[in-house]
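Structure first, commentary second.
Number of protein chains: 2
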Amino acid sequence: MTAPHASDRMVATYRLSRVDLDAATETAIAIAREQTLEVPPGVAEPDMEAALLGRVEEVVRAHEDAFDATISYTLAVTGTDLLQLINVAYGNVSLMNGVRLVDLVLPAPALDALPGPKFGIDGLREMTGVAPGRPLLSVAIKPVGRSATELAALAATFARGGAHVVKDDHGLVDQPSAPFRERVRAVAQAVAESNAATGGRCAYFPNVTGPVDTLDERLDYSIAAGSTGVTVCPSLMGLDVMRAIAGGPHRLAILAHPTHGQAAPDRHEGIAPEVLYGTLYRVAGADAVVYVNAGGRFSWPVETCEAISHRLRTPLGRHRAAMPVPAGGVEAAEGARWLARYGPDTMLLIGGSLLRQPDLLGATRRLAEAVGEACASGARA
Amino acid sequence: MTAPHASDRMVATYRLSRVDLDAATETAIAIAREQTLEVPPGVAEPDMEAALLGRVEEVVRAHEDAFDATISYTLAVTGTDLLQLINVAYGNVSLMNGVRLVDLVLPAPALDALPGPKFGIDGLREMTGVAPGRPLLSVAIKPVGRSATELAALAATFARGGAHVVKDDHGLVDQPSAPFRERVRAVAQAVAESNAATGGRCAYFPNVTGPVDTLDERLDYSIAAGSTGVTVCPSLMGLDVMRAIAGGPHRLAILAHPTHGQAAPDRHEGIAPEVLYGTLYRVAGADAVVYVNAGGRFSWPVETCEAISHRLRTPLGRHRAAMPVPAGGVEAAEGARWLARYGPDTMLLIGGSLLRQPDLLGATRRLAEAVGEACASGARA
Chain A
1 MTAPHASDRM VATYRLSRVD LDAATETAIA IAREQTLEVP PGVAEPDMEA ALLGRVEEVV
61 RAHEDAFDAT ISYTLAVTGT DLLQLINVAY GNVSLMNGVR LVDLVLPAPA LDALPGPKFG
121 IDGLREMTGV APGRPLLSVA IKPVGRSATE LAALAATFAR GGAHVVKDDH GLVDQPSAPF
181 RERVRAVAQA VAESNAATGG RCAYFPNVTG PVDTLDERLD YSIAAGSTGV TVCPSLMGLD
241 VMRAIAGGPH RLAILAHPTH GQAAPDRHEG IAPEVLYGTL YRVAGADAVV YVNAGGRFSW
301 PVETCEAISH RLRTPLGRHR AAMPVPAGGV EAAEGARWLA RYGPDTMLLI GGSLLRQPDL
361 LGATRRLAEA VGEACASGAR A
Chain B
382 MTAPHASDRM VATYRLSRVD LDAATETAIA IAREQTLEVP PGVAEPDMEA ALLGRVEEVV
442 RAHEDAFDAT ISYTLAVTGT DLLQLINVAY GNVSLMNGVR LVDLVLPAPA LDALPGPKFG
502 IDGLREMTGV APGRPLLSVA IKPVGRSATE LAALAATFAR GGAHVVKDDH GLVDQPSAPF
562 RERVRAVAQA VAESNAATGG RCAYFPNVTG PVDTLDERLD YSIAAGSTGV TVCPSLMGLD
622 VMRAIAGGPH RLAILAHPTH GQAAPDRHEG IAPEVLYGTL YRVAGADAVV YVNAGGRFSW
682 PVETCEAISH RLRTPLGRHR AAMPVPAGGV EAAEGARWLA RYGPDTMLLI GGSLLRQPDL
742 LGATRRLAEA VGEACASGAR A
């Protein structure tokens with residue numbers, strides 16, 4: 001940075017692709033105007049332009065035909081509401097090709113105003129009784145098409161096998177095969193009975209993604225059924241919907257699922273995954289963030305996964321650290337190796353590869369043991 | 382299509398880039414699984430797989446190294462809720478590179494269940510008193526930084542000059558320079574007074590984008606101030622938030638703004654603009670949809686604009702036609718030419734280029750006249 005940023009300015013970095021330095025500089029100036037005053041030069045008075053236009057802080061070469069433009073924005077334009085912060089950081093310019101949001105530093109007053117995780121890593125450990133130094137294991141119940149009874153039986157097996165969190169698959173909503181209330185009641189009861197039998201503290205996080213005007217009913221119902229957390233798809237429902245849950249009266253941890261995030265490494269547009277899942281999901285209130293692990297079905301590089309984990313756990317204003325949840329086709333057999341790499345403040349999410357095992361209870365037990373030992377001294381082979 | 386689709390299946394077409402036919406076919410099969418059962422082969426019973434997996438209908442070459450894969454999905458998985466439809470059409474696969482959603486045909490029961498436009502083109506004509514055959518003119522009041530009084534003065538000038546709709550810029554939210562209530566009260570009053578003076582029926586659509594948990598208050602306040610419509614940013618707030626407004630009790634037209642849509646032509650990923658703005662925004666309840674016009678600041682091709690307009694106006698189940706609103710740096714002087722091309726069922730949106738005029742009232746009057754005549758016999762030069 002050429003100048004120190006006042007902490008009340010939002011600082012966004014855009015990667016501008018397929019341009020030379022002149023074109024990148026011109027684009028940066030255009031972005032600074034587009035995202036703030038959005039009127040041609042001469043419409044606003046010079047002092048308004050000076051006060052309110054985005055300020056191009058620097059334009060530096062990122063690689064051969066790409067430049068990183070860093071632009072800061074005044075609080076007078078961004079305010080502290082989540083949606084306006086996103087609107088200024090990546091609103092209209094999301095419609096331009098060759099403009100990618102690769103970094104975002106929120107202004108201090110916004111960090112103060114946004115809810116962040118209500119539980120965070122420490123709260124999830126307390127909820128599930130997993131001591132510091134040991135990773136957590138979560139499992140997804142699925143597929144769609146199974147009845148509430150069948151899903152409850154799966155959940156019971158997972159809970160008895162030692163999973164710390166059982167979550168609904170993000171594709172389970174309110175289908176006739178397992179309607180929301182019937183499913184939540186059956187699964188919550190199955191998990192509670194397993195806990196009673198084992199003395200464990202497995203938590204069940206139903207998927208509350210669905211119509212926003214009935215969301216409160218699903219949150220209320222989840223609490224009444226005994227859940228201490230829920231699964232939310234923020235990029236589908238809207239990030240501010242998650243913010244409202246986190247900032248609202250329901251005492252529920254939030255496991256955020258990445259579906260419809262439209263984010264992936266190596267694109268020329270969109271929001272870099274670490275910014276969306278590592279920064280925005282966290283400040284918007286996710287206690288745990290599911291992301292696409294390397295080596296799974298989506299071929300994301302491990303560096304992206306590590307960048308997301310880093311942003312979820314690094315100090316950020318007054319906010320609790322959020323739990324990284326690598327997922328997306330992680331082979332159960334490989335889980336411990338990934339945890340050794342990512343460190344103990346990680347929750348592994350396993351779905352399909354576990355469901356494939358003929359002895360599901362035995363496989364869950366072995367996996368839970370491996371997860372528990374993954375970060376023990378000497379395990380980082 | 383190799384087989385006729387039952388109308389209760391959702392049909393999505395994905396453009397798969399940088400692949401050969403074998404890789405495209407393999408990816409299509411993977412998408413059909415990822416978006417439905419999301420478990421490896423062998424976990425679900427064969428009859429569940431047959432009933433619930435997405436069905437690859439065809440894979441055809443789109444151009445040299447891209448193929449279009451058409452996949453249909455059963456209602457048993459998609460249901461009729463907007464978010465689950467989007468989740469199945471473009472959920473997890475939005476995290477894969479090289480997979481773009483280029484077409485979407487919704488199942489008939491979903492079309493029936495979704496609200497669609499409450500007013501549509503005909504309702505907006507009735508509201509503003511603009512006869513069929515004549516395009517509409519809307520103008521944005523801005524920039525952020527102006528006081529409520531200053532914005533109200535602008536709105537009064539536009540209303541007196543003959544604009545049919547005055548809208549808040551999408552960047553005007555609740556900043557201290559013009560807080561929401563102060564602004565809405567002042568602007569609504571200014572527009573009402575102008576209407577009283579001219580006998581016109583200019584409508585004012587305040588921007589209600591902001592925290593979802595206080596949205597109802599802003600809708601109530603807009604109605605109390607006399608507004609008959611609002612400006613909404615669905616891709617920021619969440620498409621289902623717009624759906625809830627359209628399906629709810631507030632009698633307000635919705636002007637949808639495209640910010641944060643992350644859609645543009647010629648990308649290898651994301652949702653094609655005509656699908657997002659032409660189909661999804663419409664079924665979710667937009668009465669008018671702002672999009673980036675060709676020749677403006679965003680360099681979208683005119684074919685994309687025409688495709689959006691077509692989808693907004695073409696017959697679609699029981700739904701009203703929605704009004705296309707080309708915008709984004711349209712020069713006032715060019716407006717009539719664009720309208721002649723797009724046809725009379727179009728609302729031009731002008732912002733900055735009008736604000737630059739020294740005689741704002743005169744310029745608005747000339748523009749309103751040109752818009753009114755744009756599609757008259759002989760104007761299609």
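Keeping their order, the protein sequence lines are chains A and B. In this text, residue positions in the first sequence follow our numbering: the first is 1, and each later residue adds one. In this text, residue positions in the second sequence follow our numbering: the first is 382, and each later residue adds one. A virtual CB, placed ideally from N, CA and C, is assigned to each residue, including glycine.
(request) Name the one or two DSSP bridge partners that Lys167/A has. (result) Here residue 167/A refers to the residue found at position 167 of the first sequence. DSSP lists Ala140/A and Phe205/A as partners of Lys167/A.
(request) Could you tell me the distance, in whole angstroms, from the CA atom of Gly552/B to the CA atom of Ala370/A? (result) Residue 552/B sits at position 171 when you count from the first residue of the second sequence. Residue 370/A sits at position 370 when you count from the first residue of the first sequence. Cα to Cα, Gly552/B sits roughly 51 Å from Ala370/A.
(message) Between Pro143/A and chain B, is any beta-carbon pair separated by less than 8 Å?
(response) For the purposes of this step, residue 143/A is identified with residue 143 of the first sequence, where counting begins at 1. Yes, because at least one Cβ of chain B sits closer than 8 Å to the Cβ of Pro143/A.
(request) Please name the residue or residues paired with Thr394/B in a DSSP beta bridge. (result) Within the second sequence, residue 394/B is the residue found at index 13, counting from 1. Thr394/B is bridged to Thr451/B and Asp484/B.
(request) Just confirm the distance between the C-beta atoms of Glu38/A and Pro524/B, as a whole number of angstroms; I'd bet it's less than 8 Å. (result) Walking along the first sequence from the start, residue 38/A turns up at place 38. Walking along the second sequence from the start, residue 524/B turns up at place 143. Confirmed, about 6 Å.
(message) Assuming Glu531/B is part of the alpha helix (DSSP H), what are its boundary residues?
(response) Counting from 1 along the second sequence, the entry for residue 531/B is found at position 150. Glu531/B -> alpha helix (DSSP H) spans Ala529 to Gly542.
(message) Taking 8 Å as the threshold (beta carbon to beta carbon), is Glu38/A in contact with chain B?
(response) Translated into positions along the first sequence, residue 38/A becomes position 38. Yes, Glu38/A lies at the interface with chain B (some Cβ there is under 8 Å from its Cβ).
(request) Give a yes or no on whether the minimum CB-CB distance between Asp122/A and chain C is below 8 Å. (result) In the structure shown, chain C cannot be found, because the protein chains are A and B.
(request) Could you run through the stretch 631–642 of chain B and flag, in chain order, every residue whose CB is less than 7 Å away from some CB of chain A? (result) Pro639, Thr640, His641 and Gly642
(message) Taking 7 Å as the limit between beta carbons, can you name the residues of its chain near Leu487/B, skipping five residues before and five after?
(response) Here residue 487/B is taken as the residue at index 106 of the second sequence, counted from 1. Answer for Leu487/B: Met391, Leu466 and Val664, listed in chain order.
(request) Note down the Cα distance separating Glu655/B from Arg692/B, rounded to an integer number of angstroms. (result) Translated into positions along the second sequence, residue 655/B becomes position 274. Translated into positions along the second sequence, residue 692/B becomes position 311. Each residue's Cα considered, the two are about 7 Å apart.
(message) Can you pull the chain B neighbours of Asp22/A, defined as C-beta to C-beta under 7 Å?
(response) Taking the first residue of the first sequence as 1, we reach residue 22/A at position 22. Those within 7 Å of Asp22/A in chain B number zero; the least Cβ separation is about 17 Å.
(request) Identify the continuous beta strand (DSSP E) that holds Glu64/A and give its terminal residues. (result) Numbered from 1 along the first sequence, position 64 holds the residue referred to as residue 64/A. Run containing Glu64/A: none; DSSP gives neither H nor E here.
(request) Pull up the distance between the alpha-carbon of Tyr723/B and that of Ala714/B, whole angstroms please. (result) One-based indexing of the second sequence puts residue 723/B at position 342. One-based indexing of the second sequence puts residue 714/B at position 333. C-alpha separation (whole angstroms): 16 Å.
(request) Check whether the Cβ of Pro326/A lies closer than 8 Å to any Cβ atom in chain B. (result) Start at 1 with the first residue of the first sequence, and residue 326/A comes out as number 326. So, not an interface residue.
(request) Give the straight-line distance between the Cα atoms of Val440/B and Val88/A, rounded to the nearest whole angstrom. (result) By 1-based counting over the second sequence, the position of residue 440/B is 59. By 1-based counting over the first sequence, the position of residue 88/A is 88. So the alpha carbons of these two residues sit roughly 39 Å apart.
(message) Going by DSSP, what residue range makes up the alpha helix (DSSP H) through Tyr471/B?
(response) Taking the second sequence and counting its residues from 1, one reaches residue 471/B at position 90. From DSSP, the alpha helix (DSSP H) with Tyr471/B extends over Leu463 to Tyr471.
(request) Report the neighbours of Ala76/A on chain B: residues whose CB is nearer than 9 Å to its CB, in chain order. (result) Numbered from 1 along the first sequence, position 76 holds the residue referred to as residue 76/A. In chain order: Val525, Gly526, Gln556, Pro557 and Ser558.
(message) DSSP three-state label for Thr579/B, please.
(response) Taking the first residue of the second sequence as position 1, residue 579/B is located at position 198. Thr579/B: helix per DSSP, three-state reduction.
(request) Would you check if the distance between the CB atom of Gly543/B and the CB atom of Leu505/B is smaller than 8 Å? (result) The residue labelled residue 543/B in the question sits at position 162 within the second sequence. The residue labelled residue 505/B in the question sits at position 124 within the second sequence. Result no, Cβ atoms of Gly543/B and Leu505/B do not sit closer than 8 Å.
(message) Taking 7 Å as the limit between beta carbons, can you name the residues of its chain near Val77/A, skipping five residues before and five after?
(response) Sequence index remark: in the first sequence, residue 77/A carries index 77 (1-based). Result list for Val77/A: Thr36, Leu52 and Val88, in chain order.
(request) Report, in whole angstroms, the separation of the C-beta atoms of Ala603/B and Pro592/B, which I expect to be a contact under 8 Å. (result) One-based indexing of the second sequence puts residue 603/B at position 222. One-based indexing of the second sequence puts residue 592/B at position 211. Here residue 603/B turns out to be Ser, not Ala, going by the sequence shown. 15 Å between Cβ atoms; not a contact.
(message) Is Phe679/B close to chain A? Criterion is C-beta to C-beta, closer than 8 Å.
(response) To locate residue 679/B, count along the second sequence from 1; it is residue 298. Yes, Phe679/B lies at the interface with chain A (some Cβ there is under 8 Å from its Cβ).
(request) Pull up the DSSP beta-bridge partners for Leu349/A, would you. (result) The residue you call residue 349/A lines up with position 349 of the first sequence. In DSSP, Leu349/A forms a bridge with Ser138/A.
(message) Within a Cβ cutoff of 7 Å, which residues of the same chain sit near Pro682/B, ignoring the five residues on either side of it in sequence?
(response) In the second sequence, counting from the first residue as 1, residue 682/B sits at position 301. Contacts found: Pro646 and Ala675.
(message) Please identify, using Cβ separations under 9 Å, the residues of the stretch 259–280 of chain A that lie next to chain B, in order along the chain.
(response) Thr259, His260, Gly261, Gln262, Ala263, Ala264, Pro265, Asp266, Arg267, His268, Glu269, Gly270, Ile271 and Pro273
(message) Closest to Val191/A by C-alpha separation, out of Leu151/A, Asp169/A and Pro176/A, would be which residue?
(response) Translated into the one-based positions of the first sequence, residue 191/A becomes position 191. Checked all of Leu151/A, Asp169/A and Pro176/A; the closest Cα to Val191/A is Leu151/A.
(message) Just to check my reading of the structure: Gly278/A and Ile308/A have Cβ atoms closer than 8 Å, yes? What is that Cβ distance to the nearest angstrom?
(response) Mapped onto the first sequence, residue 278/A falls at position 278. Mapped onto the first sequence, residue 308/A falls at position 308. Confirmed, about 4 Å.
(request) Figure out for me which residue from Ala405/B, His444/B and Ala443/B has the closest Cα to the Cα of Val437/B. (result) Position 56 of the second sequence, counted from the start, is the residue given in the question as residue 437/B. For the residues Ala405/B, His444/B and Ala443/B, the minimum Cα distance to Val437/B belongs to Ala405/B.
(request) Would you kindly check if the distance between the Cβ of Gly261/A and the Cβ of Ser235/A is under 8 Å? (result) In the first sequence, the residue the question calls residue 235/A occupies position 235. In the first sequence, the residue the question calls residue 261/A occupies position 261. In contact: Ser235/A and Gly261/A (Cβ atoms closer than 8 Å).
(message) Please identify the residue among Val173/A, Ala224/A and Thr314/A whose C-alpha is closest to the C-alpha of Thr461/B.
(response) Stepping through the second sequence from its first residue, residue 461/B is reached at position 80. For the residues Val173/A, Ala224/A and Thr314/A, the minimum Cα distance to Thr461/B belongs to Val173/A.
(request) Find out if the Cβ-Cβ distance for the pair Met347/A, Ala286/A is shorter than 8 Å. (result) As a first step, residue 347/A must be located in the first sequence, where it is residue number 347. As a first step, residue 286/A must be located in the first sequence, where it is residue number 286. It is not a contact, given that the beta carbons lie outside the stated cut-off.
(request) Classify Ala755/B as buried or exposed, calling it buried when 16 or more other Cβ atoms lie within 10 Å of its own Cβ. (result) The count along the second sequence starts at 1 and reaches residue 755/B at position 374. By the 10 Å Cβ count, Ala755/B comes out buried.
(request) In the DSSP assignment, find the unbroken beta strand (DSSP E) run with Gly610/B in it and report its ends. (result) Locating residue 610/B in the second sequence gives position 229, counting from the first residue. Note, Gly610/B: beta strand (DSSP E), Gly610 to Val613.
(request) Report yes if the CB atom of Val166/A is closer than 8 Å to the CB atom of Tyr204/A, and no otherwise. (result) Numbered from its first residue, the first sequence carries residue 166/A at position 166. Numbered from its first residue, the first sequence carries residue 204/A at position 204. A contact, by the Cβ cut-off of 8 Å.
(message) One question on the structure: do Pro490/B and Leu456/B come within less than 8 Å of each other, judged by their Cβ atoms?
(response) Against the second sequence, residue 490/B aligns to sequence position 109. Against the second sequence, residue 456/B aligns to sequence position 75. Yes, they are a contact pair.
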